[in-house]
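The block underneath contains the structure these notes are about, expressed in C-alpha cells.
In our numbering, the protein residues as written are 816 to 870.
If you want it as C-alpha cells, here you go:
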C-alpha cells in the first residue's frame, strides 16, 4: 500500500521540480526577449543607413 509520508514527499518533490522549471523558463524567456530587442535595434540601424544611402 502507499505510504502517506512517501506520497507527501513525492508531491513536494514534484512541486519543487515544477517551480525550478518555471524559474528556468522565466530566465530563458527573458534572455530570448533581450536578444530579440537587440536584433530589432540592429535592424533599425541598418534600415536607417540604407534609407540614408538611398537619398
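Using N, Cα and C, we set each Cβ at its ideal position, and we do this for glycine too.
(request) Measure the alpha-carbon distance for residue 844 versus residue 821 and round it to whole angstroms. (result) Reading the chain shown from its first residue, position 29 is the one you call residue 844. Reading the chain shown from its first residue, position 6 is the one you call residue 821. Linking residue 844 to residue 821 through their CA atoms gives a straight-line distance of about 34 Å.
- Have a look at residue 865 and residue 856 and give me their C-alpha separation to the nearest angstrom. Counting from 1 along the chain shown, the entry for residue 865 is found at position 50. Counting from 1 along the chain shown, the entry for residue 856 is found at position 41. Between residue 865 and residue 856, the C-alpha separation is close to 14 Å.
Practice item. Look at the alpha carbon of residue 858 and the alpha carbon of residue 838, and state the distance between them as a whole number of angstroms. Key: Position 43 of the chain shown, counted from the start, is the residue given in the question as residue 858. Position 23 of the chain shown, counted from the start, is the residue given in the question as residue 838. Taking the straight line joining both Cα atoms gives about 30 Å.
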